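Chemist:
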Amino acid sequence: MTNKIFKKTMFALTICACLFSLTLFTAKAGSVSGISYLNASVGETYDKVGIAYHCSEDESYVLYGTSISGNSIVNPTKVESTSILWKYDATEEDKTKGYGFDERYVCKANLTDLKPATTYYYQAVSNSTKSTIQQFTTASNSGEKKAFLFLTDIQSSGSSFGNAETLMQVLLNNTVIKPNLVFMTGDQVDRGGIEQQWIDYYKYVPSLSNILQATLPGNHEYYLNSGGSYVSNEVYNQFYNNPLNGPSDRLGSSYYFVYDQILFIMLDTVKTNYSVNAQQEWFRNVVKNNPSQWIIVGSHPGLYATGAYSEDAKIMRRNWLKVFEECQVDLALNGHEHVYARKNIRYNGNPSSETAGPKDEDFGITYLAGSAAGLKLYGDKAKPSLLEDYDYYDKFTNNTGCIITVSDNRIEVKQYTGGGIKKDEFTIEAKRPKTIENITPENAIDSFNLEYDPTTEKVRITWAEELYGNVQDIFIKGGYKDKDTIVVSSSKLCYKEYKVVDTELNWNWHITLTMRDGTVLEKDLPLILNPDIIKYQITYDLDGGVNNPDNPTEYCGGDLPIELKDPTKEGYEFVKWTLDGRRATGIKEGKTGDFHFVAEWKKIVQHTITFNSDGGTDVESQTVTEGERVSEPAAPTKEGYTFIGWYDGDTKFDFTTRIAKDYTLTAKYEQISTGKKNCKKSSLAVILASTLLLSSCLVIFRKKK
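Numbering (our numbering), first residue to last: 4 to 708.
Spelled out as structure tokens, the structure:
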């Protein structure tokens, strides 16, 4: 008996040891069994899809293909999944309330190079199990008409999630074009930290297994414990494989995807600890780098409230209203309010006002808050003062969703209840062309102009509508501390206005235009309100000369006219100033702008005029500039001769001659004549004769005595 007991005991211990050994070699996690929460999320473009699921084993993969046979995918493609061991601990008290997630592997696989408008079948496979086969259909890429579902705030528990399934079936059966995407703006569950709600969500909304999902977390996904504070989006991120193209502090929950002609942008703004500036800049970059005919934005809190969450809406307007308007969002979808309400094509709103801007068919944004797809209704919290500004609202109906159909010229929105009743319908006209027109960089920068309205004292900088789709951004700097980077987000929004703070001054706005190919072009747009004070530059090309100190280097309108003085250059003669190749003497009255004058010179050629006095008194030689006249020197003297002139060879030199060469001029004289000498001798003879005669007379006179 004892022996039998011993054998049985040893057998049991052996079995336990074997089982223990198996656990050492088979990686399993917690109490999670097999594969769960399998779903397909949109990829960044139509040819990408993200698969996510939880698994009890580390090693698993995804099979996918375009056809099935029985319970198998025909010729499947295999993609290895990445897996991360994850759990979320809860306090002991919260565990009794269902909070916390046991350890499991969170697995994600990215499917790429998918074909457009194609149905794919997929399943997850681990070492010990396979999931059921699920499916999704990719978007087209040809701009054809398409539809998607808009749901928000399912926010249920247990079998009440089934109301969302009923609603999805109603929506799927009330559209000619089959939707292949469900767009959800948060609060898929009521408490993100309770796993049973996620279990029930996937269990009672089976349609999610056969459609692509684009989701974001609501405030209820941030409730990870029994307290009332928002904790994080950590749990949400374990259930979805969204594109990882968002800002770093909201990676996986803020993202974008291009769905053919639609740019979808999902904003996780629930907890306000994110970097607003970084997310705004990310948003602008997404828009400028992905020119699309339509821009649709999803967020949980919206920019306008019906009453329940006015403070959240105030924060959203402060952070996002001007960005939405700048980027020309077409449709802003949100939840949170649990009241269906819309404001159609509003523009130029004030972030501090609970009232949206006026209607504007060219630039307006349509704001649509969906009612709960579940059963929660906050109509009793709606405020009449807020409802007045809505174009339509329904505060009495819950369990509704929308079919949104997009074509090349309009968006059609239809709201249905889970009971199949159509409650609302409206359209939005396109404000962008279906195709992008090309424009050259030169024509693009030339299209910028400045208009000034003296009544409003505003300038409007305009540009060609063809810049849309061809330009990365416009940077404007100038005026009074004006500095803007503008996303060219529409073919209609082709201007930017600025207030002129002082109309007695002159202003300038500098444009830096960056084309999509990286080409950068620049242009100045001056506004001259007072030409008498604007300073313009005057520059000179002196070619080695020295400018006259009286010539200015800048001027204002009040300095005109300006007469330029001659510069100097050693060895050269100044000829003239030229402006654009033409003779110029200065700047005339009424002229504006910068001037560049060029000095023209003539090389100075000098000649030596040598005077040969031919034995007469010396005469100094002269150096004369070519083209000038030589000065006639004083006549030389020569004894016995009379000077008669200067001669160049045999020709008497004309001192009015313009000198063009060296000269040696020789003095010529006339000798004093002989006749003048005999005259002197005759005079002497007369004197002698007279003397002799006088002497004779004296002798005779004495004798008579």
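Beta carbons: idealized from backbone N, C-alpha and C, even for Gly. What you are looking at is a predicted structure, and each value in this text was computed from that prediction instead of being measured.
On a Cα-Cα basis, can you pick out the residue from 569, 520, 169 and 534 that is closest to residue 544?
Modeler: Measuring from the Cα of residue 544, the nearest candidate turns out to be 569.
Chemist: Which ranges does the alpha helix (DSSP H) cover as unbroken runs of at least 4 residues, wholly within the segment 117 to 183, from first to last along the chain?
Modeler: Complete alpha helix (DSSP H) runs here, min 4: 165 to 175.
Chemist: Out of 92, 405 and 621, which one is the CA nearest neighbour of residue 177?
Modeler: Residue 177 has its Cα closest to that of 405, out of 92, 405 and 621.
Chemist: Beta carbon of residue 189, beta carbon of residue 57: below 9 Å?
Modeler: No, they are not a contact pair.
Chemist: Between residue 131 and the rest of its own chain, which residues show a CB-CB distance below 7 Å, the 5 nearest in sequence each way excluded?
Modeler: Answer for residue 131: 60, listed in chain order.
Chemist: With respect to the alpha helix (DSSP H) encompassing residue 321, which residues constitute its N-terminal and C-terminal limits?
Modeler: 313 to 329 is the extent of the alpha helix (DSSP H) around residue 321.
Chemist: Given 8 Å as the limit, tell me if residue 289 has its C-beta closer than that to any heavy atom belonging to the ligand NAD.
Modeler: The ligand NAD is absent from the structure shown, which contains no ligands of any kind.
Chemist: Work out the CA separation of residue 550 and residue 615 for me, nearest whole Å.
Modeler: If I take the Cα positions, the gap works out to 42 Å.
Chemist: Quick check: is the beta carbon of residue 64 nearer than 9 Å to any beta carbon in chain C?
Modeler: Note that chain C does not occur in the displayed structure, where there is just one protein chain.
Chemist: Between which residues of its own chain and residue 245 is the CB-CB distance below 6 Å, once the five residues before and five after are set aside?
Modeler: Here the set comprises 44, 255 and 258.
Chemist: Have a look at 306, 329 and 333 and flag the residue whose alpha-carbon is nearest the alpha-carbon of residue 321.
Modeler: Comparing Cα positions, the closest option is 306.
Chemist: I need the boundaries of the alpha helix (DSSP H) containing residue 242, first residue and last residue.
Modeler: Looking at the DSSP string, residue 242 is not in any alpha helix (DSSP H), and its letter there is neither H nor E.
Chemist: Apart from the five residues just before and just after residue 265, which ones in its own chain have a Cβ nearer than 7 Å to its Cβ?
Modeler: For residue 265, where only same-chain residues beyond five positions count, the Cβ hits under 7 Å are 295, 297, 299 and 409.
Chemist: Straight-line CA distance for residue 455 to residue 496?
Modeler: In a straight line, the C-alpha of residue 455 is about 18 Å away from that of residue 496.
Chemist: Tell whether a beta-carbon distance below 9 Å holds between residue 632 and residue 659.
Modeler: Yes, they are a contact pair.
Chemist: Please classify residue 289: does DSSP put it in a helix, a strand, or coil?
Modeler: Reduced to three states, the DSSP call for residue 289 is helix.
Chemist: Report the CB separation of residue 392 from residue 346 in whole angstroms; it is logged as a contact under 8 Å.
Modeler: Their Cβ separation, rounded to whole angstroms, is 7 Å, which keeps residue 392 and residue 346 in contact under 8 Å.
Chemist: Would you list the one or two residues that DSSP bridges to residue 345?
Modeler: BP columns for residue 345 point to 371 and 395.
Chemist: Nearest by alpha-carbon distance to residue 331: which of 435, 626, 482 and 74 is it?
Modeler: Taking only the C-alpha atoms, the option nearest residue 331 is 435.
Chemist: According to the neighbour-count rule (16 or more other Cβ atoms, all chains shown, within 10 Å of its Cβ), is residue 339 buried or exposed?
Modeler: So residue 339 ends up on the buried side.
Chemist: Evaluate residue 704 with the Cβ neighbour count: other Cβ atoms within 10 Å of its Cβ, from every protein chain shown; 16 or more gives buried, anything less gives exposed.
Modeler: With a pLDDT of 47 at residue 704, under the threshold of 50, the predicted position of this residue should be treated as unreliable, though the coordinate-derived value follows. Classification of residue 704: exposed, given that the 10 Å Cβ count is below 16.
Chemist: Would residue 207 be called buried (16 or more neighbouring beta carbons within 10 Å of its own) or exposed?
Modeler: It is buried - the Cβ of residue 207 has at least 16 other Cβ atoms within 10 Å.
Chemist: Please specify which runs of the beta strand (DSSP E), each continuous and at least 3 residues long, are wholly inside the segment 28 to 68, giving them in chain order.
Modeler: Segments of the beta strand (DSSP E) lying fully in the segment 28 to 68: 38 to 45, 52 to 58 and 63 to 68.
Chemist: Run through the segment 612 to 680 for me and flag every whole beta strand (DSSP E) of 3 or more residues, listed as ranges in chain order.
Modeler: The segment 612 to 680 contains these whole beta strand (DSSP E) runs: 625 to 628, 644 to 651 and 666 to 674.
Chemist: Rounded to a whole number of angstroms, what is the C-alpha to C-alpha distance between residue 471 and residue 517?
Modeler: Distance between the alpha carbons of residue 471 and residue 517 is about 12 Å.
Chemist: Under 6 Å Cβ to Cβ from residue 486, same chain only, skipping five residues before and after it: list those, please.
Modeler: Excluding sequence neighbours, residue 486 sits near 480.
Chemist: CA-CA distance, residue 30 and residue 397?
Modeler: With a pLDDT of only 43 at residue 30, under the threshold of 50, the placement of this residue in the model should not be trusted; the figure read from the coordinates follows. Taking the straight line from one Cα to the other gives about 52 Å.
Chemist: Restricting to Cα atoms, I'd like to know which of 69, 83 and 84 is closest to residue 77.
Modeler: Here the closest residue by C-alpha is 69.
Chemist: Is residue 507 helix, strand or coil by DSSP?
Modeler: Coil, per DSSP.
Chemist: Evaluate contact between the segment 634 to 644 and the segment 605 to 620, counting only Cβ atoms and requiring at least three cross-stretch pairs below 8 Å.
Modeler: Short answer: they touch.
Chemist: Name, in chain order, the residues that DSSP records as bridge partners for residue 529.
Modeler: Paired residues: 511.
Chemist: In angstroms with no decimal places, state the Cα-to-Cα distance between residue 630 and residue 575.
Modeler: Each residue's Cα considered, the two are about 14 Å apart.
Chemist: Tell me where the beta strand (DSSP E) around residue 475 begins and ends.
Modeler: 474 to 481 is the extent of the beta strand (DSSP E) around residue 475.
Chemist: Taking only runs of the alpha helix (DSSP H) that begin and end inside the segment 388 to 468, which ones reach a length of at least 4 residues, in chain order?
Modeler: If we require 4 residues or more, the alpha helix (DSSP H) runs fully inside the segment 388 to 468 come out as 444 to 449.
Chemist: Keeping to the same chain, check which residues put their C-beta closer than 7 Å to that of residue 605; ignore five residues upstream and five downstream.
Modeler: Excluding residues within five positions, the ones whose Cβ falls inside 7 Å are 575, 576 and 578.
Chemist: Identify, in the order they occur along the chain, each residue of the same chain with its Cβ nearer than 7 Å to the Cβ of residue 483, setting aside the five sequence neighbours on each side.
Modeler: 504, listed in sequence order.
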